[in-house]
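Per my numbering, the sequence shown starts with residue 13, numbered consecutively. Built from N, CA and C at the ideal position, the CB exists for glycine as well. Just so it is clear, the structure is predicted and the values come from calculations on it, not from any experiment.
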Amino acid sequence: MDILNPRSADLAPETLNLFDEVAEVAAELAKKRPFDQETNSRLSTEFLPDRITASLNMEGISVSRRQTLLMMDAMTLSENSSKAEAEIFNALKADEFIYGLAEEGYPLTPSAIRETNKILQSKILPTAGKLRQTEVEITGASFQPPPPTEIGRLIQEMSSIYGQTEDLYPILRAAWLHATFTRIHPFEDGNGRTGRLLQDYSLLSSGLYPTGIPSSRRDDYYDALEQADSGDWNPLCQMISEFELNILSRVKSIIEEIQSRGKFIVSLAKRASEKKTGGLHKQYIVWKQRMQNFSDQLAATCEELNASSEILHVRTEKFEVIDFKKWREISETGKSSNTWLMKQTWFSEGEAFYRTIFYFRRHNFRPEDVHPREELYGAVSLNLTGGKPEFNIRYDFDHFSDDDIRFREGIYINDALHLYTSTPEKRKGRFGNEEVWVCNEVSDQSVLIQSFLEDMFVRKLGI
13 MDILNPRSAD LAPETLNLFD EVAEVAAELA KKRPFDQETN SRLSTEFLPD
63 RITASLNMEG ISVSRRQTLL MMDAMTLSEN SSKAEAEIFN ALKADEFIYG
113 LAEEGYPLTP SAIRETNKIL QSKILPTAGK LRQTEVEITG ASFQPPPPTE
163 IGRLIQEMSS IYGQTEDLYP ILRAAWLHAT FTRIHPFEDG NGRTGRLLQD
213 YSLLSSGLYP TGIPSSRRDD YYDALEQADS GDWNPLCQMI SEFELNILSR
263 VKSIIEEIQS RGKFIVSLAK RASEKKTGGL HKQYIVWKQR MQNFSDQLAA
313 TCEELNASSE ILHVRTEKFE VIDFKKWREI SETGKSSNTW LMKQTWFSEG
363 EAFYRTIFYF RRHNFRPEDV HPREELYGAV SLNLTGGKPE FNIRYDFDHF
413 SDDDIRFREG IYINDALHLY TSTPEKRKGR FGNEEVWVCN EVSDQSVLIQ
463 SFLEDMFVRK LGI
């Protein structure tokens, strides 16, 4: 067996674009470092249960996320522990080992690889951490692993090449290490889990976040590995890039959530010490929390969709809710700069088909208003714009129109949430034909979110 040098990989433009996108988002997050203790602790454990559970399920080891969480709390085994509990325990310890190697900057060596497998198979397999001494055949694979006599040399060669490629794209480097190790198949068992851990080690060493492989993408994952064996690295690189972008988006949300909460608490403490809080400021605090809840709920709903669907995907970028000064400026003048709440790119089968932006503006009086103007005057509302997800495109923030997307404006009036939606009708306005809207009171934000998602996927995409 010959080991392909990753420098010779023929990468498609789409793959390189994804690499650049990962680098751009990662660089943006790097500017926020160093993180505080709470953020570091949250990031080190937030994605671990899903990653461990998925990796075990991938190998036919049936465990649940709840079992993984329980083991994370206990981190101990007893004489009565089941084999599944031992598998989870070992996987957590192996992940901790790999994480430590990357954090301390230790190079990848054959002994580190053997130790990873040894931890994974501890007290489960007598040959844990030992290179296999028998021939193996992988059913249905186009390529079969090398004989035992070549394994030691190949592992050493793989480690050496990896150490000489620090200048390569981090995703390519991680994909190459993962696929090359899997192809060598050096151990009696646990090769898949070890390979995915090595991928995570490589990502961590490059300043990225471990992605693992979701078990829902099991077939795509094995297909991508097989194509890598045949010399086409694009599917595997694109898959890992997609997972990394999703993780980076979630990391950003966590950071912003913690920072926002911290700022909110500091702000509350400061205002508590002030003699005059002011009715307007109290009104803003309530409004801000409502907008934050909407942002969090929509983002969480889209994350659940990402985890459940192999076809649909939503990439979400959240922004902090505007501060009191900007909120007051909008209320008094109508608009301001930098008022985005959320930007989302919508994908179907890996292809982006739309981009939406939620932002804040003062409500403009309309014929469809169902409340007196004195109740609506100065109200800051949530608005939507969007269009094709093209580079450098300028979206219409004044007269957004899309027949498939009905959402136009969300506004709280007398503590009740009202949704303005478009209809197929048109009327003559100051600037030509304009849409006719309808204003309805909705019970809560989940109704608004469900209606919006139906527009995106049922009306816009035609599902």
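Partner residues in the beta bridge of residue 430, as assigned by DSSP, are 423, 453.
The shortest C-alpha to C-alpha distance from residue 366 to any of 385, 298, 396, 376 is the one to 396.
When DSSP states are grouped into helix, strand and coil, residue 263 belongs to the helix group. Where residue 70 is concerned, there is no enclosing beta strand (DSSP E), although the alpha helix (DSSP H) around it starts and stops at 60-70. The straight-line gap separating the alpha-carbon atoms of residue 39 and residue 32 is approximately 10 angstroms.
The closest CA to that of residue 227, considering only 18, 26, 64, is found on 64. Between residue 68 and residue 100, the beta carbon gap of about 7 angstroms places them in contact (Cβ cut-off 8 angstroms). In its chain, beyond the 5 residues on either side, 163, 198 have a beta carbon closer than 6 angstroms to the beta carbon of residue 143. For residue 189, the CB contacts under 7 angstroms within the same chain, skipping 5 residues up- and downstream, are 174, 210, 211, 214 in chain order. Secondary structure note for residue 161: its alpha helix (DSSP H) is the uninterrupted segment 160-175. Straight-line spacing of the CA atoms in residue 350 and residue 15 works out to 50 angstroms.
In the same chain as residue 236, and ignoring 5 residues on each side of it, the C-beta atoms closer than 7 angstroms to its own belong to 247, 248, 251, in chain order. Beta-bridge pairing by DSSP links residue 393 to 373. Fully enclosed alpha helix (DSSP H) runs of no fewer than 4 residues occupy 291-320, 336-345 of the stretch 291-377, in order along the chain. Sequence-distant Cβ neighbours of residue 331 in its own chain, meaning closer than 7 angstroms and more than five residues away, are 352, 353, 354.
For residue 398, same chain residues with a beta-carbon under 8 angstroms away, outside a window of 5 residues either side, are 366, 367, 368, 369, 407, 412, 414, 417 in chain order. Per the coordinates, the alpha-carbon of residue 255 lies some 34 angstroms from the alpha-carbon of residue 373. Residue pairing by DSSP places residue 439 opposite 446 in a beta bridge. Cα atoms of residue 394 and residue 137: separation of roughly 58 angstroms, rounded to the nearest angstrom. In this structure, the straight-line span from the alpha carbon of residue 194 to that of residue 204 is close to 7 angstroms.
Collapsing the DSSP output to three states places residue 141 in coil. Annotation: residue 156 to residue 196 spans about 9 angstroms, alpha carbon to alpha carbon. In the three-state scheme derived from DSSP, where H, G and I count as helix and E and B as strand, residue 399 is classed as strand. Put simply, of 268, 344, 149, 360 the residue whose alpha carbon is nearest the alpha carbon of residue 333 is 268. Here the alpha carbons of residue 461 and residue 358 stand approximately 15 angstroms from one another. Counting along the chain, residue 211 sits inside the alpha helix (DSSP H) bounded by residues 203-217.
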